[in-house]
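Undergrad: The numbering of the sequence shown is the numbering used here, which starts it at 523 and goes up by one.
Idealized CB from N, CA, C, for every residue including glycine.
Dropping a structure here in structure tokens format, bear with me for questions.
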Amino acid sequence: MTTPDPCLRHPRATWVASCTQCSAWHLHRMRTLARPSGAARTSRPLAREAG
């Protein structure tokens, strides 16, 4: 899974829950922040492992 782009219609600081793009980006951000610092720097991206 690649990093979703921030919504072009809504700024990052004021993401809209009803907007799919805002929700996808916010969900990815929360998952990234919840992850331990070491897990983000793995040698293989998660997208390649899933495929």
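Using the Cα positions of residue 534 and residue 524, report the straight-line distance between them to the nearest angstrom.
TA: Taking the straight line joining both Cα atoms gives about 18 Å.
Undergrad: May I ask you to report which of helix, strand or coil DSSP gives residue 551?
TA: Correct three-state label for residue 551: helix.
Undergrad: Which residues in the same chain have their Cβ closer than 7 Å to the Cβ of residue 528, if we skip the five residues on either side of it in sequence?
TA: Once the five neighbours on either side are set aside, the close Cβ partners of residue 528 are 534 and 547.
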